[in-house]
Each structure stands twice: as C-alpha cells, then as structure tokens.
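Asks: Take this structure first; my questions come after.
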Amino acid sequence: MPFPTHFLWGGATSANQIEGAYLEDGKCLSVDDVIGRLVPSNATQAQPTGKRSLTEVSSAEIEDAIHSTDMSRYAKRHGIDFYHHYKEDIALLAQMGFKVFRLSIAWSRIFPEAHGQSNPAGLAFYEDVFRTLKAYGIEPLVTISHYDAPLYIATDYHGWQNREVLDLFIRFMHTVVDHFHPYVKYWLTFNELDGIKHHPFDAGALVEDHFAPEDFETAIYQATHHQLLASALTVQYVHQIDPDAQVGCMTAYHPFYPMTPDPQDVLDAMKKTEESLESTDIQVFGAYSPALIKQLEQRKIHIQMDEKDAEILAYGTVDFVSFSYYSSATATSHPLEEEDGDIYTFINGPRNPYLKKSEWGSAIDPLGLRISLNQLYARYHLPLFIVENGLGAKDVLQADGTIEDDERIAYLKEHLICLHDAIQIDCIPVMGYTSWGCIDCVSAGSSQMSKRYGFIYVDLDDEGQGTYRRYPKKSFYWYQRVIATNGASLFENETKNAL
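In case it helps, the numbering used here puts the sequence shown at residues 62 to 560.
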C-alpha cells in the first residue's frame, strides 16, 4: 500500500543555516552569526574543546566575533545565500514535487532592535517567499524560532532566563502570525526545545560566563520555562487568529536501547527517554509532571513562576508532535569500553554493535524510526510529523555536474520503508515527512558545508569559497519519483522480484 493520500512530502531548513545576507536590509546580528567554526575543513573528527558543545561561545568570543569580518569562520553569515536564491531554490523543490517546505523566520530580520519597529524589508522578504511557495502549490511549515535569536537577547538581556525576553518574543510572534497567517496552515513553535540543556547559547541565548557556575543549570531551566510559556502563548494566539491552523511542538528524539538485559540498563534507558521528553510532555499535557517537579527540587533548581503560568501552559497545548530523528542511542550502567555517537551532537553512549555508522560517527538505524513513532504515539496519542531526518555525508561534484549520492538514497529508502510500516502496519497517524537539509546548508553544530544532507548540491566549501551554483544530485531524481508515486517506488524492486 502507498502512503496516505494527503501525506505531506517535503524537506526542511532553517533561516540561520541557509539565508545568509546577515546584515542586509536592516537585519542585525543573531546568536548564530557569532558562532565560529572550530573544526578543520572537511574534518569528520573534532578535537576536544572543553565546551558543552561546538556552538557555545564566551563573552570574549562574542566581542571578537562582533568586530570580525571573517566569513569563512562565521559560515552562517553567508549560509547558501537563500536570501538571493530563494526563487531558484523553491523552483527546484517544486520540480521534485514537494508538498511541504519547512523553513524558519529570523527574529533578527524582523526586529533588529529590541523595542524598535518591525523591519519592512524583512517582512517583505518572507511574504515573497510564501507567495512563491503558494504559486508552486507548496505548503509552508513554519518554525517560529529555530535556534535563532537576535544577539541583543544574549548581550543585553542575558538570554531566555530573563522574563523580559518572553515579552519581546511575543511581540515578534504576534507580528509574524498577523502578517503570514493567510499563507501558513502548519506552525511549529520552537525547534527542539529540549536542546537548550545541551547547547544553551544557540537554543537559549545563554552565555555561560554571564552566570556563577552554580547558577547556570537553574538559568537553563528558567529559560526553558519561559520558552514553554512562549510556545503555549503561540498556540493560543494562532488558534485565535486562525482556528483552522495547526500548531505543533518539535523535539529531538532518539530511542534509547538498554545495552544489556541488566535491569539497571533498562532503567537507565527509560530514565534517559523521560529526560529527553521533559519539554514535550509539558507542551502536550500542559503541566510539569510530578516526577520532574520532584527532580528539580532534589537538584535545588528553583524555577520562578508567575501566578498565571500554570494556566498558560494548560491552555496552550499543541495539536501535533513533530520530531527530528537521525539515530538511536544506547544506555548502560556498566563501564564503557567504546563510546559512540555523532561527534557534533550530545548523543553519546556505548557503541551498538548491530548498527553501522555514518562518516561523521552517527549510528544508522532505520528501524529506530519505526520504534520512535510507536513510542511517541503511545505516549501522546497525537498526530506525528517527522520534520528532520537525513544523512550527512561528503558529496563529490563531478566534471559533468553530476553527484552520485547512492549512500544517501539507501539511507533514506530504508528509513522511509520503516516509516511506511509504522503507518500501514502499526496504524500510527503521521502527517508528513520533511528530510533535513533538502538543499545543502551550513551544518548547525560544526558550521561546515562539507557535511551535506541535500538533494541539491550547493557549490560552496568549508572556507566559504565557491560559485553558489545549485546542482541536482542523483537523490534529487530518486526523491522526485518517491513523491510522484506517493512512496510506491520504494517497493518497486521487491515487486519485480516477487513476479
């Protein structure tokens, strides 16, 4: 059986990784514009930095970045220049047959000053993007905040832990929804809201040296609380403006497998899953769980809450749950002989001997996607939407302009077959699938171009050198056929072999 009739096939991006034009038409610096690349060109291994993640920066590094004009080091400043290529790029997405395109809106492009007026040029840019998508019959799936805050949120307000930032965001959100709701049926509030615990600068505009060491974890949870309120208020406002629109949350999900049958390993895997879904639980159920409240008390983390916060959370629950899935993870209470995990992410644990690894060290586990869908639906009983999935790999542009990315095709095919089985066999309601980085973009964690995910190759290297010309890869035509057949082409070889 093919996929559901109205299944939304497409791809996903974020403003900070594709747009470029970082100071053009009134835009101000964002947190992403001061995150420098810390790894050598084309590297798949990173040296230890002593930082929480590769996207963390100090106050001194921010000051240096503000005065730097080094576009090769600060790659998100140029991105892939979607700002000037969006018509060409959307035409290519339409050629593939996209039904939906996930993108985000740069807060720094709409409000370059905290208390200033909205930027007409920024609003006009996004409106024309939406009009172009509409002309091709592509639905936008809009992430209102995708690891992308104006730099002044970090430098002047010390990040999302400051409740004033909630008010600034609500003004931004109201402006975005008011202007663009005629074009947008599907909204996401925050990208991977749970990520703030692992990379608090790009996710929460928190600079660690702004806080005493003993206060930083509390600042992270306070910032998370304010983002949860922002998410709930967004749901309420979108429903008020457009009752037919749907608003979802988004989480980074990876099923944790116990490494052994040891009950302690099983418990560890369960606890890691619970921790990874703390924010999603609140966005779906509308309240902090008793277990989370107790854990925060035990860790002496006190979140300051206003009287109406509980009511805001309760009345701002989401319509669907979206998530990113790249790999599974393992958990154990036993000493690690060999640690595994993508070197640019926070997902680490014992190596799973049953799984192959990608070039960048991430476990490849298609069945884990089906497991994830079953776990999330059993927990939430809401429609699901896979909004990120894909393989980061090095691609070679041949002299004739072709790119043979068979490894990516194999990865995506295996995952899509498992997605199909979750829908047709397990009866999981899935709204759609947007592969990550459908057009090559600057990597979120490593700021590399060499770690490519797209169906469309962008002629740009890690040093920012290249023509920016776009080239369809082999996977472009493969995905085009998958969409045209509503997934039936995934099973063509099996059908032929059965005859």
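Here a beta-carbon is modelled for each residue, glycine too, at the ideal position from N, C-alpha and C.
Which residues does DSSP pair with Gln-509 in a beta bridge?
Replies: Here the question's residue 509 lines up with position 448 in the sequence shown. DSSP lists no partner for Gln-509.
Asks: Closest by CA to Ala-348, which one among Gln-359, Lys-355, Glu-372?
Replies: In the sequence shown, residue 348 corresponds to position 287, counting from 1. When each option's Cα is compared against that of Ala-348, the closest is Glu-372.
Asks: Report yes if the C-beta distance between Ile-364 and Tyr-282 is below 8 Å; otherwise report no.
Replies: In the sequence shown, counting from the first residue as 1, residue 364 sits at position 303. In the sequence shown, counting from the first residue as 1, residue 282 sits at position 221. Yes. Within cutoff.
Asks: The ligand COA heavy atoms versus the CB of Pro-324: any closer than 7 Å?
Replies: Of ligands this structure carries none, so the ligand COA is not represented either.
Asks: Taking the alpha-carbon positions, what's the Ile-425 to Val-161 distance?
Replies: The residue you call residue 425 lines up with position 364 of the sequence shown. The residue you call residue 161 lines up with position 100 of the sequence shown. One C-alpha to the other measures close to 25 Å.
Asks: Helix, strand or coil for Ile-141, going by three-state DSSP, please let me know.
Replies: Looking up residue 141 in the sequence shown gives position 80. Here Ile-141 sits in coil by DSSP.
Asks: Helix, strand or coil for Val-327, going by three-state DSSP, please let me know.
Replies: Residue numbering aside, residue 327 sits at position 266 when the sequence shown is read from its first letter. DSSP places Val-327 in helix when its eight states are reduced to three.
Asks: Answer with buried or exposed for Gly-71, where buried requires no fewer than 16 other C-beta atoms within 10 angstroms of its C-beta.
Replies: Against the sequence shown, residue 71 aligns to sequence position 10. By the neighbour-count rule (16 or more Cβ atoms within 10 Å), Gly-71 is buried.
Asks: Tell me, which residues are paired with Cys-310 by DSSP?
Replies: Here residue 310 is taken as the residue at index 249 of the sequence shown, counted from 1. Bridge partners of Cys-310: Val-382.
Asks: Got a sec? Which residues, its chain only, sit under 8 Å from Ser-292 by beta carbon, not counting five neighbours each side?
Replies: Position 231 of the sequence shown holds residue 292. Correct list, in chain order: Thr-250, Phe-251, Leu-254, Cys-310, Gln-344, Gly-377, Val-379.
Asks: Just the C-alpha distance for Tyr-208 and Gly-265, rounded to the nearest angstrom, thanks.
Replies: Taking the first residue of the sequence shown as position 1, residue 208 is located at position 147. Taking the first residue of the sequence shown as position 1, residue 265 is located at position 204. If you take the alpha carbons of Tyr-208 and Gly-265, they lie about 8 Å apart.
Asks: Buried or exposed: which applies to Tyr-405, given that a residue is buried once 16 or more other Cβ atoms fall within 10 Å of its Cβ?
Replies: Here the question's residue 405 lines up with position 344 in the sequence shown. Residue confidence is low: Tyr-405 scores 44 on pLDDT, short of 50, so the model does not pin down where it sits. Its coordinate-derived value is still stated next. Per the 10 Å Cβ criterion, buried.
Asks: From His-176 to Thr-463, what does the alpha carbon distance come to, in whole angstroms?
Replies: In the sequence shown, residue 176 corresponds to position 115, counting from 1. In the sequence shown, residue 463 corresponds to position 402, counting from 1. Approximately 48 Å, taken between the alpha carbons.
Asks: Taking DSSP's pairing of strands, which residues face Leu-249 in a bridge?
Replies: Your numbering for residue 249 matches position 188 in the sequence shown. In the DSSP output, where bridge partners are listed per residue, Leu-249 has Thr-204, Gly-309.
Asks: Which residue wins for smallest C-alpha separation from Trp-221, given the options Asp-523, Leu-290, Asp-342?
Replies: Numbered from its first residue, the sequence shown carries residue 221 at position 160. It is Leu-290 whose Cα lies nearest to the Cα of Trp-221.
Asks: Report the three-state DSSP secondary structure of Val-448 (helix, strand or coil).
Replies: As a position in the sequence shown, residue 448 is number 387, starting the count at 1. Correct three-state label for Val-448: strand.
Asks: Return yes when the Cβ of Tyr-314 is within less than 8 Å of the Cβ of Phe-384, no when it is not.
Replies: By 1-based counting over the sequence shown, the position of residue 384 is 323. By 1-based counting over the sequence shown, the position of residue 314 is 253. Result yes, Cβ atoms of Phe-384 and Tyr-314 sit closer than 8 Å.
Asks: Expressed to the nearest angstrom, what Euclidean distance is found between the alpha-carbon atoms of Tyr-538 and Cys-479?
Replies: Along the sequence shown, one-based indexing puts residue 538 at 477. Along the sequence shown, one-based indexing puts residue 479 at 418. So the alpha carbons of these two residues sit roughly 21 Å apart.
Asks: CA-CA distance, Asp-520 and Arg-531?
Replies: Indexing the sequence shown from 1 puts residue 520 at position 459. Indexing the sequence shown from 1 puts residue 531 at position 470. Between Asp-520 and Arg-531, the C-alpha separation is close to 7 Å.
Asks: Go through the stretch 223-289 residue by residue and report every complete run of the alpha helix (DSSP H) that reaches 4 residues or more, in order.
Replies: Taking only runs of at least 4 residues, the alpha helix (DSSP H) segments lying wholly in the stretch 223-289 are 224-241, 261-265.
Asks: Within 8 Å, do at least three Cβ pairs link the stretch 479-494 to the stretch 63-79?
Replies: Yes: at least three Cβ pairs fall under 8 Å.
Asks: Helix, strand or coil: how does DSSP classify Phe-172 here?
Replies: Translated into the one-based positions of the sequence shown, residue 172 becomes position 111. Coil at Phe-172, not helix or strand.
Asks: Please classify Ala-185 as buried or exposed, where buried requires at least 16 neighbouring CB atoms within 10 angstroms.
Replies: Here the question's residue 185 lines up with position 124 in the sequence shown. With fewer than 16 Cβ atoms within 10 Å of its Cβ, Ala-185 is classed as exposed.
Asks: So what's Ile-517 in DSSP terms, helix, strand or just coil?
Replies: For the purposes of this step, residue 517 is identified with residue 456 of the sequence shown, where counting begins at 1. In this structure, Ile-517 counts as strand in the three-state DSSP scheme.
Asks: Whose CA, out of Ser-536, Phe-272, Cys-499, Arg-192, lies closest to the CA of Tyr-218?
Replies: On the sequence shown, residue 218 is found 157 positions in, with the first residue counted as 1. The residue with the shortest Cα to Cα distance from Tyr-218 is Phe-272.
Asks: Counting C-beta neighbours from all protein chains within 10 Å, is the total for Glu-80 16 or more, i.e. buried, or is it exposed?
Replies: Within the sequence shown, numbered from 1, the residue matching residue 80 stands at position 19. Result: buried.
Asks: Who are the near neighbours of Tyr-529 in its chain, counting only those whose CB is closer than 8 Å to its CB and skipping five residues on each side?
Replies: Numbered from its first residue, the sequence shown carries residue 529 at position 468. Answer for Tyr-529: Ile-141, Asp-142, His-146, Val-519, Asp-520, Leu-521, listed in chain order.
Asks: Taking 8 Å as the threshold, find out whether the stretch 295-304 comes into contact with the stretch 353-367 through three or more Cβ pairs.
Replies: Because the criterion of three Cβ pairs below 8 Å is not met, the stretch 295-304 and the stretch 353-367 do not touch.
Asks: Evaluate Cys-488 with the Cβ neighbour count: other Cβ atoms within 10 Å of its Cβ, from every protein chain shown; 16 or more gives buried, anything less gives exposed.
Replies: If you number the sequence shown from 1, residue 488 lands on position 427. The residue in question, Cys-488, is exposed, as its Cβ has fewer than 16 Cβ neighbours within 10 Å.
Asks: I'd like the list of long-range same chain contacts for Ile-123, defined as Cβ closer than 8 Å, with 5 residues on each side in sequence excluded.
Replies: Numbered from 1 along the sequence shown, position 62 holds the residue referred to as residue 123. Val-95, Leu-212, Ala-215, Thr-216, Val-268, listed in sequence order.
Asks: Taking DSSP as the reference, what is the three-state secondary structure of Phe-68?
Replies: Looking up residue 68 in the sequence shown gives position 7. Phe-68: coil per DSSP, three-state reduction.
Asks: With DSSP run on the structure shown, which of helix, strand or coil describes Ile-404?
Replies: Here the question's residue 404 lines up with position 343 in the sequence shown. Residue confidence is low: Ile-404 scores 45 on pLDDT, short of 50, so the model does not pin down where it sits. Its coordinate-derived value is still stated next. Here Ile-404 sits in coil by DSSP.
Asks: Comparing C-alpha positions only, which one of Glu-553, Ile-544, Val-503 sits nearest to Ser-102?
Replies: For the purposes of this step, residue 102 is taken as residue 41 along the sequence shown, with counting starting at 1. Closest by alpha carbon: Val-503.
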